[in-house]
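Each residue of the sequence shown is one higher than the last, beginning at 25 in this note's numbering.
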Amino acid sequence: MNVETKKFTTANLLPPPADKCQQCGVKHDSDQPHNRDSMFYQVRFKLEHERNPTWSDAIAHCSPAVIEQWVKALREHGVNFDTHPEPISEPCFRPVERKKPLIAFVDEASKAVGNLNPILEGCLR
Numbered sequence: 025m026n027v028e029t030k031k032f033t034t035a036n037l038l039p040p041p042a043d044k045c046q047q048c049g050v051k052h053d054s055d056q057p058h059n060r061d062s063m064f065y066q067v068r069f070k071l072e073h074e075r076n077p078t079w080s081d082a083i084a085h086c087s088p089a090v091i092e093q094w095v096k097a098l099r100e101h102g103v104n105f106d107t108h109p110e111p112i113s114e115p116c117f118r119p120v121e122r123k124k125p126l127i128a129f130v131d132e133a134s135k136a137v138g139n140l141n142p143i144l145e146g147c148l149r
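Laid out in structure tokens, this is it:
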């Protein structure tokens, strides 16, 4: 089988709700790891850092005690930390600079695809 790969270069990603972690899009305590398996985290991380996130990245912002706990548990599940690149630490609720307010994305999508405002606004509540 011949598989063609293409570089992931651009995407528009709506920000997560304000009460969710702004890095992974999942609600968790800020002293706990990001959800490495969250689709939002994977896409956002790849767009920003041009590589896939690892568990080392997901736990890098945690305290040494929390990191030790998670590394032990993840190793028990077969995660090999020796192969991970240098982790990138991203605090959960760092200020997020948005070029446009969220509703601007909804309005632009509506113009491009038709009237999506009732559907999207229902999802954003």
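Glycine included, every Cβ here is placed at the ideal spot set by N, Cα and C. Remember, it's a predicted structure, so these values are computed and weren't measured experimentally.
Does DSSP put residue 103 in a helix, in a strand, or in coil? Coil at residue 103, not helix or strand.
Can you tell me whether residue 42 is helix, strand or coil according to DSSP? coil
Of the choices 63, 55, 36, whose alpha-carbon is the least far from that of residue 48? 63
Taking the alpha-carbon of residue 71 as reference, which of 94, 79, 87, 37 has the nearest alpha-carbon? Looking at the Cα atoms, 37 is the closest of the given residues.
Buried or exposed: residue 148, going by 16 or more other Cβ atoms within 10 Å of its Cβ? Residue confidence is low: residue 148 scores 46 on pLDDT, short of 50, so the model does not pin down where it sits. No coordinate-derived value is stated.
Between 85, 60, 61, 67, which lies nearest to residue 54 when the distance is taken from Cα to Cα? 85
Given that a residue counts as buried once 16 or more other Cβ atoms are within 10 Å of its Cβ, and exposed if not, what is residue 69? buried
Counting C-beta neighbours from all protein chains within 10 Å, is the total for residue 43 16 or more, i.e. buried, or is it exposed? exposed
Could you compute how far the alpha carbon of residue 73 sits from the alpha carbon of residue 96? Spanning the two alpha carbons is a distance of roughly 26 Å.
Contacting residues, own chain, Cβ-Cβ under 7 Å from residue 129 (five flanking each side not counted): Caution is warranted here: a pLDDT of 45 is assigned to residue 129, below 50, making its placement in the model unreliable, and no coordinate value can be reported.
Same chain, Cβ closer than 8 Å to residue 52, neighbours up to 5 away in sequence not counted: 45, 58, 59, 116.
Could you check which residue in 88, 67, 50, 104 has the C-alpha nearest to that of residue 79? 104
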